[in-house]
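J.: Residue numbering for the sequence shown follows this note's numbering, beginning at 147 and increasing consecutively. Backbone N, C-alpha and C define an ideal beta-carbon position, used for all residues, glycine too. Just so you know, these numbers come straight off a predicted model, no measurement behind them.
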Amino acid sequence: MADWTTKDDALVVRLDELLSTAVVTRKSFFGNEAWFANSNDQIFVQTWGADVALRLGSTNASKLIDSQQMSAFNPSGHRPKREYVLLSQPQHSNDEYLLDWLGLAIRYAESLPPKKK
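Here's what the structure looks like:
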């Protein structure tokens, strides 16, 4: 099993505050925290230590990674998650900037079919 990055409790509190009006659920996820859209139980954001992994879809993620605006999210160290990008701590330090990305991520997640139970 991979050595998972330890969650940043302050970042979890910050994301909870930023998402306080959204219809979402937070769950523990591989030693970190993840937020899921209540409409279909699809993940849209998770903490990765002091960084934030956003689920934006493979096309958008590829564009952002190729342009070097964001990096690939590769929690296992073997294969990046193709629908995700990683925002480093300096990149997500501005709440308005982060809220814009959270909005895009939740809209993408809500466009997906409901997760099968």
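Which stretch, first to last residue, makes up the beta strand (DSSP E) that contains aspartate 197?
T.: From DSSP, the beta strand (DSSP E) with aspartate 197 extends over 197-201.
J.: Taking only three categories from DSSP, how would you classify serine 222?
T.: Three-state result, serine 222: coil.
J.: Note down, in chain order, each residue of its chain lying with its Cβ closer than 8 Å to the Cβ of histidine 238, except the 5 sequence neighbours on either side.
T.: Same-chain partners within the cutoff: Asp197, Val198, Leu244 and Trp247.
J.: Is the region 252-260 touching the region 172-192 in the sense that three or more CB pairs, one from each, lie closer than 8 Å?
T.: They touch, by the three-pair rule.
J.: Which of the three DSSP states is assigned to serine 255 in this structure?
T.: Looking at the sequence itself, residue 255 is alanine, so the reference to serine does not match. Of the three classes helix, strand and coil, the one that applies to alanine 255 here is helix, per DSSP.
J.: Please check the pair leucine 161 and leucine 202, which I expect to be a contact at CB under 8 Å, by giving their CB distance rounded to whole angstroms.
T.: Incorrect: roughly 16 Å between the Cβ atoms, too far for contact.
J.: Taking the alpha-carbon positions, what's the lysine 261 to serine 213 distance?
T.: Distance between the alpha carbons of lysine 261 and serine 213: 31 Å.
J.: Just mark asparagine 184 as buried or exposed, buried being the case when its beta carbon has 16 or more other beta carbons within 10 Å.
T.: The residue in question, asparagine 184, is exposed, as its Cβ has fewer than 16 Cβ neighbours within 10 Å.
J.: Using 8 Å as the threshold, is the C-beta distance between leucine 200 and leucine 233 below it?
T.: A contact, by the Cβ cut-off of 8 Å.
J.: Do you know offhand how far glycine 195's Cα is from histidine 224's?
T.: Cα to Cα, the separation comes out at about 18 Å.
J.: Have a look at methionine 147 and phenylalanine 176 and give me their C-alpha separation to the nearest angstrom.
T.: Summary for methionine 147: the model assigns pLDDT 42, below 50, so the residue's position carries little reliability, and this model does not support an answer.
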